[in-house]
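Colleague:
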Amino acid sequence: MTMTKPPTKKPKILLIFGTRPEAIKLFPVVQALAARDRLETLSCVTAQHREMLDQVLKIADIQPDFDLDLMKSNQSLDDLTARLLTGIGRILDETKPQRVVVQGDTATAMCGALAAYYRQIPVSHVEAGLRSYNIYHPWPEEVNRKIIGTIADQHFAPTQTSADALKKENIAEKDIYITGNTVIDALLISADKNSHTSVLDPDLVNLYKKFSDRKIIGVTSHRRENLGDGLTNIASALRAIAERDDVALIFPVHLNPNVRAIMQGALGGLDNVAMIEPLDYPNFVSLLNHCNFMLTDSGGVQEEAPALGKPVLVMRDTTERPEGIEAGTAKLVGTERDIILKEAIRLLDDEDHYLAMARAHNPFGDGKASLRIADIIENSLA
Ligand code: UD1
Ligand code: UDP
């Protein structure tokens, strides 16, 4: 689908995104840039994700100028990458933007940067400088963001730690800007009831009621490097946690069919485990606020939980977001069943430990990252 706007003489910015987390973290940037009269702001969605992307577009009221609609069920990395590169290339040839903006570390972001580089179009990278220093954890994101970092000439680092990582890679200091993470902007916008059209899902509210005498644990899990043994261990840990009669799990399950098959097999039929469809962002923020703690392997949730003072057990061996761990709200627990179980039980039974983790911190920003980013982009093109 292509919707062409009438041409203007203004510098043209093209934002390229394709998955749920990119859309959540870029919608505040789209809004901030679109408010600048001196710029023409266009967005191209690849739809690497379809339904999960559309949920965000809807609540953020974004109508993309270009939609490549390229998701396929159970897509492989090489096929996805090839289709992204050629699809984005076509849009760049058609629009000829002065600058491209990508976010994070997905295949869409990497291909957006690479296709722009092939046409010598400068690239701004939102959420630059995250590093785990392990190219297989998270996979393939660590390499994606290194590729983008090599190409970009504006690096919007969320924190001092991510800015320092870029400096160590000899990126020029003048090209690195500490802006905060735009996820905090998204979180604050979505907490403001008037700024989105979504209302709380009655099914979610019914689950809160059904489980009102239990401690609710929110769960998400989807990482590609965990498909197979990692996810099987995670599912087994969740099943063991659910044996307690004082807990309930609310688990919006990622639409990846490989994730769903494992989770359905291990957890289907348990009365206190609600495996539900992905929630739109305001409803997921409600779950974050409502739960006792989160069990997750998600990147974004590691940033949101500290801002809300919600303990989060991170089911990964490494993280590129050490700030949440340093703040004391997040803890790395890996993907071994017994360790996940032990750490969950500790949070459930040891109140002092729980309270020590349940403190709000904002290491990832103040909610004004998008405005800073829009200022920097606008000034660089003026
Ligand atoms: C992708 C990103 C990952 C990011 C994650 C966020 C890459 C390589 N991976 O991983 O960095 O953390 O998104 O969730 O860029 N599906 C649907 N509908 C949807 C979304 C996904 O049916 O709305 C299914 C499809 O069968 C699709 C599969 O999930 O083929 C996998 O999607 P894909 O984007 O390739 O990988 P993710 O694991 O989601
Ligand atoms: N999220 C959501 N609905 C859900 C699960 C997650 O809106 O059902 C949000 C969550 O708040 C976070 C983002 O999606 O902002 C994380 O996306 P995901 O876990 O898919 O990707 P990652 O952050 O690991 O790249």
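Start counting the sequence shown at 22; every next residue gets the next number (the working numbering).
From the three backbone atoms N, C-alpha and C, an ideal C-beta is built for every residue, glycine too.
Along the beta strand (DSSP E) that carries residue 175, what are the first and last residues, could you check?
Modeller: 175 to 178
Colleague: How would you label residue 157, buried or exposed, when you count the other beta carbons within 10 angstroms and need 16 or more for buried?
Modeller: exposed
Colleague: What residue range does the beta strand (DSSP E) around residue 355 cover?
Modeller: Looking at the DSSP string, residue 355 is not in any beta strand (DSSP E), and its letter there is neither H nor E.
Colleague: Would a C-beta distance cut-off of 7 Å place residue 319 and residue 241 closer than the cut-off?
Modeller: yes
Colleague: Measure the CB-CB distance between residue 208 and residue 328 and report whether it falls below 7 Å.
Modeller: yes
Colleague: Hey, residue 61 and residue 85 are a contact pair by Cβ (cut 8 Å); roughly how many whole angstroms apart?
Modeller: Between residue 85 and residue 61 the Cβ distance is about 15 Å, and since that is not below 8 Å, they are no contact.
Colleague: To which residues of the same chain is residue 387 closer than 8 Å at the C-beta, ignoring the five residues directly before and after it?
Modeller: Closer than 8 Å at Cβ, skipping near neighbours: 201 and 205.
Colleague: Kindly confirm or deny that the segment 115 to 126 and the segment 32 to 41 touch, where touching means at least three C-beta pairs closer than 8 Å.
Modeller: yes
Colleague: Any heavy atom of the ligand UD1 closer than 6 Å to the beta-carbon of residue 190?
Modeller: no
Colleague: If we ignore side chains and look at the alpha-carbon of each, how far apart do residue 264 and residue 225 end up?
Modeller: 22 Å
Colleague: Which of helix, strand or coil does DSSP assign to residue 118?
Modeller: If DSSP states are grouped into helix, strand and coil, residue 118 belongs with coil.
Colleague: Assess, as a yes-or-no matter, whether the segment 364 to 378 is touched by the segment 166 to 175 under the definition of 3 or more beta carbon pairs within less than 8 Å.
Modeller: No: fewer than three Cβ pairs fall under 8 Å.
Colleague: Count the other C-beta atoms from every protein chain shown that fall within 10 angstroms of the C-beta of residue 244, then say buried if there are 16 or more, exposed otherwise.
Modeller: Note on residue 244: 16 or more other CB atoms within 10 angstroms of its CB, so buried under the neighbour-count rule.
Colleague: Need the endpoints of the alpha helix (DSSP H) that residue 130 sits in, please.
Modeller: Secondary structure note for residue 130: its alpha helix (DSSP H) is the uninterrupted segment 128 to 139.
Colleague: According to the Cβ coordinates, are residue 378 and residue 339 closer than 7 Å?
Modeller: no
Colleague: Output the boundary residues of the alpha helix (DSSP H) element that contains residue 305.
Modeller: Segment 302 to 311, the alpha helix (DSSP H) holding residue 305.
Colleague: Does the structure place the segment 68 to 77 close enough to the segment 37 to 55 that three or more beta carbon pairs sit under 8 Å?
Modeller: yes
Colleague: How many Å lie between residue 185 and residue 166 at the Cα?
Modeller: 15 Å
Colleague: Cα separation between residue 49 and residue 344?
Modeller: One Cα belongs to residue 49, the other to residue 344, and the distance between them is close to 22 Å.
Colleague: Which residue from 273, 198, 168 and 310 puts its Cα closest to that of residue 294?
Modeller: 273
Colleague: Counting C-beta neighbours from all protein chains within 10 Å, is the total for residue 286 16 or more, i.e. buried, or is it exposed?
Modeller: exposed
Colleague: Using the Cα positions of residue 66 and residue 261, report the straight-line distance between them to the nearest angstrom.
Modeller: 40 Å
Colleague: Please go through the same chain and pick out, in chain order, the residues whose beta-carbon is closer than 6 Å to the beta-carbon of residue 152, but skip the five residues on each side of it.
Modeller: Non-local beta-carbon contacts of residue 152 in its own chain, meaning distances under 6 Å to residues more than five positions away in sequence, involve 186 and 341 in chain order.
Colleague: Express the C-alpha separation of residue 315 and residue 199 in angstroms, rounding to a whole number.
Modeller: 28 Å
Colleague: The ligand UDP and residue 67: does the residue's C-beta get closer than 6 Å to at least one heavy atom of that ligand?
Modeller: no
Colleague: Locate the alpha helix (DSSP H) running through residue 417, then write down its first and last residues.
Modeller: The shown model of the chain, from 22 to 403, leaves out residue 417, and the question about it has no answer.
Colleague: On a CA-only basis, which of 196, 117, 100 and 162 is nearest residue 145? Give me that one, please.
Modeller: Looking at the Cα atoms, 196 is the closest of the given residues.
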